[in-house]
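From first to last, the protein sequence lines are chains A and B. Count along the first sequence starting at 1, add 14, and that's the number in the working numbering. Count along the second sequence starting at 1, add 14, and that's the number in the working numbering.
Protein chains: 2
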Amino acid sequence: MTEISTLGEFALIRHLTENIKIHNSSTVRGIGDDAAVLDYGEKETLVTTDLLLEGIHFDLTYVPLKHLGYKSAVVNFSDIYAMNGQPKQLTVSIGVSKRFSVEDLEDFYEGLRLACEVYGVDIAGGDTSASMTGLCISITCIGESEKGKTVYRNTANNTDLICVSGDLGAAYMGLQLLEREKAVFDGDKDFRPDFGGKEYLLERQLKPEARRDIIKILNDENILPTSMIDISDGLSSELLHICKESAVGCRIYEDRLPIDYQTAMMAEQFNMSLTTAALNGGEDYELLFTVPLALHGKAEDLDSIKIIGFICESQAGASLIARDGTEAPLVAQGWNR
Amino acid sequence: MTEISTLGEFALIRHLTENIKIHNSSTVRGIGDDAAVLDYGEKETLVTTDLLLEGIHFDLTYVPLKHLGYKSAVVNFSDIYAMNGQPKQLTVSIGVSKRFSVEDLEDFYEGLRLACEVYGVDIAGGDTSASMTGLCISITCIGESEKGKTVYRNTANNTDLICVSGDLGAAYMGLQLLEREKAVFDGDKDFRPDFGGKEYLLERQLKPEARRDIIKILNDENILPTSMIDISDGLSSELLHICKESAVGCRIYEDRLPIDYQTAMMAEQFNMSLTTAALNGGEDYELLFTVPLALHGKAEDLDSIKIIGFICESQAGASLIARDGTEAPLVAQGWNR
Chain A
15 MTEISTLGEF ALIRHLTENI KIHNSSTVRG IGDDAAVLDY GEKETLVTTD
65 LLLEGIHFDL TYVPLKHLGY KSAVVNFSDI YAMNGQPKQL TVSIGVSKRF
115 SVEDLEDFYE GLRLACEVYG VDIAGGDTSA SMTGLCISIT CIGESEKGKT
165 VYRNTANNTD LICVSGDLGA AYMGLQLLER EKAVFDGDKD FRPDFGGKEY
215 LLERQLKPEA RRDIIKILND ENILPTSMID ISDGLSSELL HICKESAVGC
265 RIYEDRLPID YQTAMMAEQF NMSLTTAALN GGEDYELLFT VPLALHGKAE
315 DLDSIKIIGF ICESQAGASL IARDGTEAPL VAQGWNR
Chain B
15 MTEISTLGEF ALIRHLTENI KIHNSSTVRG IGDDAAVLDY GEKETLVTTD
65 LLLEGIHFDL TYVPLKHLGY KSAVVNFSDI YAMNGQPKQL TVSIGVSKRF
115 SVEDLEDFYE GLRLACEVYG VDIAGGDTSA SMTGLCISIT CIGESEKGKT
165 VYRNTANNTD LICVSGDLGA AYMGLQLLER EKAVFDGDKD FRPDFGGKEY
215 LLERQLKPEA RRDIIKILND ENILPTSMID ISDGLSSELL HICKESAVGC
265 RIYEDRLPID YQTAMMAEQF NMSLTTAALN GGEDYELLFT VPLALHGKAE
315 DLDSIKIIGF ICESQAGASL IARDGTEAPL VAQGWNR
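Given below as structure tokens:
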């Protein structure tokens, strides 16, 4: 008997899905990217799905159900944007145990609806059933992309620039903050946590947004990334995906990593490595993408986008160049959850 | 606080999804049918999703994981066929607790792959994560249908004939059989259940098939149903869906209900009402559809299809005409799970 833990999530799914045959010409891309790509006419149809389980992916002690609904939708939209697509429909299945009330599900749906309103997505299917324990959420998002403009993760080229949107590590710091307050709170009913000055961290953790704006900017500027992925498991993990799938290496610079000052302050307070948080924090839902070197000037001028390094040949490996100029191999320490 | 149980599944989902707005012209049909209908070009894209939770939807005491994988896929295909579509892609997310091994998941995937092979469907997405308790499976199936030939459940007309494929109640009897043997087995390691002569019941419960053949027959015969639904929660429940959504009534005849002899024998052995089993058993995955009265002769000649009654005006209600000619209102006693 092989324990699942001996394989790890990525190896397991690779193991389970190897040699799967494609039957239909409409299956442009199956397993192995942020979304499946289907061809049903003039546009490509994108489908992505997420399973969110209580106690594994979220903790209802500090995550309000409305926020959970919002976030559940948004993280799926993020996968569609990461293909250079537009999310259009969403279906949701919920399994709930007896401790949940109708009002709880209303809260969840309110968040879900709000996200769909904001991003112009239709809720096109819904289903609830009982669950033996806890809350179980399955979301499928369907989107579209222009033929020839769908961006995959396996198409980065040597000398491409590596770009990232927004800033990194804040969602992770928000989680640390919530976990700390939860521990302090434990047993004390009058406890009121003080989150003053840390609102950004909480927002990044509890109510993340998907980078639709970045997709629009790139389109307006006529920049088609050579590869793209959204950062859900941490920058290192996602960049290593791009490198592995594209058979390339990379160099990124520690001093180029975009970090908010609240994140930096929190890391200091927690006595944690800020770089580790930015590289491995996870749940940032920023876009990580590559563009040809020739677009350097254009990319540098873009709002909310930072060039953090470049793609190199595979043999050169993937590494981080520290502030002092030393090089260390990039290692994925994603959440693996 | 309103307990979920006070509403029931259908009322709850209706409650949660009422007033949901449609933003995109590509959303031909959202919540309220077997699958969402999307328009991305020349064909309509069908999407259906199912959440299957251990202890609620399946019992691993007597359901082998390979069978579970097969069935999980097939029940989704059934939803696509029920729209008069063809399933094309499938994505699957699995949450597993520590008691499952890699081999367990392999078994599950083996069944899933086999179903996809048999029905010509591509596995276009896969994902596994941890779970606190038990096994949790989410499947999304995407299919296509010819524009103008997608068949909904809200379009039955007065005087239409009501048709059903295959036979009813066998899957339910298979479940009763398995539950009985499980109770007997409890604690006795040397126990070997005797399923001789009941293979059909077990197969209907453990390895159901979706009625692709019926869709083909209807197409070959140039019969376009006026409405269609697949029977997952029992004939009564599904027929009442058609009636409610189409604002019509119905009459079905007890002596027209198609029932296999193994089902009948088992009902007698269990001292259960055979008609109740056929009406409310659930998990039959047969197709229930309506055709115009003018097609009576044609419909009557079709293999594996039986005319069981007719659609009438809404005021006349929905009822079953018993063998003795008495009329009783149809009541949904679906599994509601």
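Where a beta carbon is used, it is the ideal one built from N, C-alpha and C, also for glycine. In this text the structure is predicted, and so the values were computed from the model without any measurement.
Around valine 61 (chain B), the beta-carbon contacts reaching into chain A at under 8 Å are Val61, Gln103, Thr105, Ala138, Gly139, Thr154, Ile156.
DSSP, reduced to helix, strand and coil, places lysine 312 (chain A) within a helical segment of the structure shown. In the three-state DSSP reduction, isoleucine 266 (chain A) falls in the strand class (E or B). Residue ranges of uninterrupted beta strand (DSSP E) with 3 or more members, entirely inside the region 98 to 159 of chain B and ordered along the chain, are 100 to 110, 136 to 144.
Rounded to whole angstroms, asparagine 98 (chain B) and leucine 316 (chain B) show a C-alpha spacing of 17 Å.
Residues of the same chain with a CB within less than 6 Å of the CB of valine 106 (chain B), apart from the 5 flanking positions on each side, are Gly140, Ile153 in chain order. In this structure, the CA atom of serine 246 (chain A) is about 11 Å from the CA atom of proline 222 (chain A). Under the Cβ criterion of 8 Å, aspartate 64 (chain B) is counted among the residues facing chain A. Nearest to isoleucine 325 (chain A) by alpha-carbon distance, out of A:Lys80, A:Asn168, A:Asn236, is A:Asn168. At least 8 Å separates the CB of leucine 189 (chain B) from every CB of chain A. In this structure, glutamine 190 (chain B) lies away from alanine 138 (chain B), with their beta-carbon atoms at least 8 Å apart. The way I'd put it, the region 275 to 290 of chain B doesn't touch the region 252 to 264 of chain B; fewer than three beta-carbon pairs between them come closer than 8 Å. With 16 or more other Cβ atoms inside 10 Å of its own Cβ, glutamine 100 (chain B) counts as buried.
Around the C-beta of proline 272 (chain A), 16 or more other C-beta atoms lie within 10 Å, and the residue is accordingly described as buried.
Per DSSP, the beta-bridge partners of leucine 65 (chain B) are B:Ser152. Within its own chain, the residues whose Cβ lies closer than 6 Å to the Cβ of glycine 157 (chain B), once the five positions on either side in sequence are excluded, are Leu60, Ile94, Gly99, Gln100, Pro101, Lys102, listed in chain order. When beta bridges are read from the DSSP output, leucine 334 (chain A) appears opposite A:Ile266, A:Ala342. Between the C-alpha atoms of glycine 211 (chain A) and cysteine 264 (chain A) there is a straight-line separation of about 36 Å.
Of all alpha-carbon atoms in B:Glu259, B:Leu182, B:Asn294, the one lying nearest the alpha-carbon of threonine 240 (chain B) is that of B:Glu259. Judged by DSSP in its simplified three-state form, aspartate 227 (chain A) adopts helix. Contacts between isoleucine 70 (chain A) and chain B, judged by CB atoms closer than 8 Å, involve Gly109, Ser143, Ala144, Ser145, Met146 in chain order. Straight-line measurement puts the Cα of glycine 134 (chain B) at about 20 Å from the Cα of glycine 55 (chain A). For leucine 334 (chain B) against alanine 342 (chain B), the beta-carbon gap comes to about 5 Å, under 8 Å, which counts as contact. Contact between glycine 109 (chain A) and lysine 80 (chain A) is absent: CB atoms are separated by about 19 Å, not below the 8 Å threshold.
Spatial neighbours of asparagine 171 (chain B) in its own chain (CB-CB distance under 6 Å, excluding positions within 5 residues in sequence) are listed in chain order as Thr240.
Nearest C-alpha to aspartate 298 (chain A) among A:Val88, A:Lys57, A:Thr63: A:Val88. Proximity of glutamate 341 (chain A) to chain B, defined by a Cβ-Cβ separation below 8 Å, is not satisfied.
The three-state secondary structure of threonine 289 (chain A), taken from DSSP, is helix.
Using a 10 angstroms sphere on the CB of phenylalanine 91 (chain A), the tally of other CB atoms reaches 16 or more, which defines it as buried.
Annotation for aspartate 298 (chain A): no alpha helix (DSSP H) segment contains it, and DSSP assigns it neither H nor E. Scanning chain B for C-beta atoms nearer than 9 Å to the C-beta of leucine 149 (chain A) yields nothing, as the closest lies near 11 Å away. Burial check for alanine 336 (chain A): the Cβ neighbour count within 10 Å stays below 16, so the residue is exposed. Within chain B, the residues Gly109, Ser143, Ala144, Ser145, Met146, Cys150 have their CB atoms less than 8 Å from the CB of leucine 67 (chain A), given in chain order.
Isoleucine 245 (chain B) carries a coil assignment under DSSP once its states are collapsed to helix, strand and coil. Around the CB of threonine 340 (chain A), fewer than 16 other CB atoms lie within 10 Å, so the residue is classed as exposed.
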